[in-house]
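The listed protein sequences derive, respectively, from chains C and Z.
Counted from 1, the first sequence has number 146 at position 139 by the working numbering; the numbering is strictly sequential.
Counted from 1, the second sequence has number 253 at position 260 by the working numbering; the numbering is strictly sequential.
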Amino acid sequence: MRIAKMLVFVVLLSMSLATAWAAGNSIQIKGSDTMVNLGQAWSEAYMQQHKDALVAVTGGGSGTGIAALISGTCDIAESSRSMKEEEIAQAKTKGIVPQEFKVGLDGLAVVVNPANSVEKLTIDQLADIFTGKIKNWKEVGGKDAPIVLLSREVNSGTHVYFKEHVLRKGNPKSTVEFDSSALLMSSSQAIADEVSQNSNAIGYYGMGYISKSQKAIAVAKDAQSQYYTPTLENVVSNKYYISRPLFFYTNGQPQGLVKDFVDFVFSPAGQQIVKDTDFVPVK
Amino acid sequence: MQKTLNKKFVKEWLIERCIYFSGIASIIFVCLIFIFLVKEGFSLFKNVSIVDFLLGQKWYPISTPASFGILSLIVGSLYVTLGATIIAVPIGIASAVYIAEVAPVKIREVLKSGIEILAAIPSVVLGFIGMMTLVPWVKNTFHLPTGLTAFSGALMLAFMAMPTIVSIAEDSLNAVPKRYKEAALALGATRWQAIWRVILPAASSGILAAVMLGIGRVIGETMAVMMITGNAARIPDSLFQPVRTLTATVAAEMGETVRGSDHYYALFAIGIVLFIITFFINLIADLAVHNKRK
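Below you can see the structure in the form of structure tokens.
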């Protein structure tokens, strides 16, 4: 009886040791919800080529990923915004030296329900809509109906980017905020679902989430400029106004498996995956 | 002989200590949690006054300068909780009465296990179902600009509070001595009169406890409300507007906060507010149960 128990114990111990051993062959990636599908696609393709490697991808928001990198619980943080100064300072106090890689570009689409007659908006109109100055669709050429604002939660890099570049128009001194009536949704998919059900809603997310149930608005920098829709060509040629870089952050220069993975991301195959998941490649 | 006695004594002493420790463990944990909450949460009040925190209407935690006013969040939580209570309590008590007093044995067993299953559904599943079915329904039925409202949250949470209310209320109805009912019926009361005039009043303290525990369940619920109440931090005029609750705020923003920032402390301060609210709800429930035992 005792011997049997001992045997079970030894087997369990060796199994846990084996898992720990295997952990040396794994990469933890965490962060941006915008990039989680992209990260997953990279990881699957990479694991196809390297059968013994394990690449785990989780979302949670850019801030979540960066916080995880700082606390040392992930190898790569995916982020749809650049790291804030206080985050970098905080990382340094913990002995982490963030290294930035621009792995792709993303056009931020402003979406409405396909039944909505509004086709195009200027940045000023968008800012007025999301700050609550424009409250009815008829003020921008639509039907007489209240505008329902959909935004992401504050842990989202998309939220921060949209606020800084659309609401505040890139002016760092501006203190403009989303109107407090804006619904804060927990994911891009939640915004997509609500927009497809609600003909009064307007929301924003990475262009990868656009489907037939939503309509992307054509955006112009100002009333004199031309309107562009968020397509691959318009983002690459920099014509579409609301586009942003997507980042990887690692601790110092990547080494070993992490370096191999980052190299794969920048390889032609890796950049093709960026294109396949509706983002814009950097190379 | 002496040795075995001694051994027995030590063994008994050890077991006694272990049981004692297990007994007070939950109290120790509660105290530790409270101390931790207070320690982290009170750091906020070095920079933000308590009045601004509790009565401020603006919740812009990541702006510079940030504003940490949770009044709209408190009101949001209260709206959802009150709405859920108004829906769940009458249905819950009626269903408990039916199960305990009216239903035939076979139906009673089926209903009881059904309610247990309802209690076992994870809240994220209910939230998901609510988002897909309830939210569009609320929007179309009441002709609202959006279905993500306090009312949708209240309806969904009523489902979650119901199992708690039904099972505890049913227990307390069963605890009413049989002779009460028999005496009432013998005096010529109808079945309904016996239930309404005799059994329900006799079980009232247990039912109050059931209601309070149900409310406690609702106010602490996070996932489902986060998915279907819209999360707009603004004081609503009616149940048919989006609200942001205390719990959803903590859950949605915890990941982003930089440890040691005001935002981080503010979320802990929200935790203290929630802790105090649930503490008083449980206290009332406890007093009610105590009252009954006398």
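We treat Cβ as the ideally placed atom computed from N, Cα and C, and that holds for glycine.
Nothing here was measured: the structure is a model prediction, and the numbers come from that model.
Please determine whether the Cβ atom of residue i lies at a distance below 8 Å from any heavy atom of the ligand GTP.
i: C/A208; result: Ligands are entirely absent from the displayed structure, and the ligand GTP is therefore not among its contents.
Listing by chain order, which chain C residues have their CB less than 8 Å from the CB of residue i?
i: Z/L141; result: L190, E201
i: Z/K132; result: Q204, N205
Counting only C-beta atoms, is residue i closer than 9 Å to chain C at any point?
i: Z/P138; result: yes
i: Z/V128; result: yes
i: Z/S65; result: yes
i: Z/K105; result: no
i: Z/S145; result: no
i: Z/S36; result: no
i: Z/S254; result: yes
i: Z/R237; result: yes
Below 9 Å on C-beta distance, what does residue i contact in chain C?
i: Z/P115; result: Result: empty, since nearest Cβ-Cβ is about 16 Å, beyond 9 Å.
i: Z/M124; result: A197, D200, E201
Determine the chain Z residues that contact residue i at a beta-carbon separation under 7 Å, and present them in chain order.
i: C/G149; result: Neighbours of C/G149 on chain Z: none; closest Cβ ~13 Å, over 7 Å.
i: C/V104; result: Near C/V104 there are no residues of chain Z at all, since even the closest Cβ is about 18 Å away, more than 7 Å.
i: C/E184; result: Y53, S56
Which bits of chain Z does residue i rub up against, with CB to CB less than 8 Å?
i: C/V161; result: P54, I55, A245, E246, E249
i: C/V155; result: P138, T139
Which same chain residues, not among the five before or five after residue i, have their C-beta less than 8 Å away from its C-beta?
i: C/I95; result: P105
i: C/S89; result: E107, P252, F254
i: C/L61; result: A29, N32, S33, I34, M54
i: C/S195; result: D40, T41, R159, T165, Y212, G213, Y216
i: Z/S145; result: G123, L127, V128, V131, I221, T222
i: Z/M247; result: L260
i: Z/G209; result: T271, I274, N275, A278
I want to see whether chain Z comes within less than 9 Å of residue i, judged by CB atoms only; does it?
i: C/A29; result: Unreliable placement is indicated for C/A29, whose pLDDT of 48 sits below 50; the coordinate value is still reported in the next sentence. So no, C/A29 is outside the interface.
i: C/V119; result: no
i: C/T26; result: Annotation note: pLDDT 48 at C/T26 (below 50); position unreliable, no value reported.
i: C/Q221; result: no
i: C/E146; result: no
i: C/Q204; result: yes
i: C/V272; result: no
i: C/V167; result: yes
i: C/A152; result: yes
Identify, in the order they occur along the chain, each residue of the same chain with its Cβ nearer than 7 Å to the Cβ of residue i, setting aside the five sequence neighbours on each side.
i: C/V43; result: V64, G66
i: Z/D45; result: G62
i: C/A122; result: S206
i: C/K58; result: none
i: Z/S65; result: Q50, W52, A226, R227, I228, R237
i: Z/N284; result: S198
Give me, in chain order, the residues of the same chain whose beta-carbon lies closer than 6 Å to that of residue i; leave out the 5 immediate sequence neighbours on both sides.
i: Z/G223; result: L141, P235
i: C/T2; result: Absent from the structure is residue 2 of chain C, since the part of chain C shown begins at 8 and ends at 290.
i: Z/A203; result: I158, I161, A162
i: C/N241; result: Y235, Y247
i: Z/V282; result: A202
Give the residues of chain Z in contact with residue i, contact being defined as C-beta atoms less than 9 Å apart.
i: C/N207; result: P138, T139
query: Along the region 187 to 201 of chain C, what residues have a CB closer than 9 Å to any CB found in chain Z?
result: S187, S188, A189, L190, L191, M192, S193, A197, D200, E201
query: Using a Cβ cut-off of 8 Å, which residues of the region 213 to 235 of chain Z contact any Cβ in chain C, in chain order?
result: M219, M220, G223, N224, A225, A226, R227, P235
field: Given 8 Å, three or more beta-carbon pairs between the region 186 to 195 of chain C and the region 80 to 96 of chain C
entry: no
- request: Note down, in chain order, all residues in the region 65 to 85 of chain C with a beta-carbon under 8 Å from any beta-carbon belonging to chain Z.
  value: G67, G68, G70, T71, A74
query: the region 84 to 101 of chain C: which residues have C-beta closer than 8 Å to a C-beta of chain Z, in chain order?
result: E93, E94, Q97
task: Could you list the residues in the region 230 to 260 of chain C with a C-beta less than 8 Å from some C-beta on chain Z, going in chain order?
output: none
- prompt: Does the region 103 to 115 of chain Z touch the region 190 to 206 of chain Z, meaning 3 or more C-beta pairs lie closer than 8 Å?
  reply: no
Inter-stretch contact (C-beta, 8 Å, three-pair minimum) for the region 169 to 188 of chain Z and the region 256 to 266 of chain Z: no
query: Would you call the region 268 to 279 of chain C and the region 132 to 147 of chain C in contact, with 3 or more CB pairs under 8 Å?
result: no
task: Flag this pair as touching only if the region 267 to 286 of chain Z and the region 94 to 102 of chain Z have three or more C-beta atom pairs under 8 Å; answer yes or no.
output: no
message: Pairs of beta-carbons, one from the region 50 to 67 of chain Z and one from the region 113 to 130 of chain Z, closer than 8 Å: are there three or more?
response: Segment contact: the region 50 to 67 of chain Z against the region 113 to 130 of chain Z, fewer than three CB-CB distances shorter than 8 Å; contact not assigned.
message: I want to know whether the region 85 to 94 of chain Z touches the region 161 to 177 of chain Z - three or more CB-CB distances under 8 Å.
response: yes
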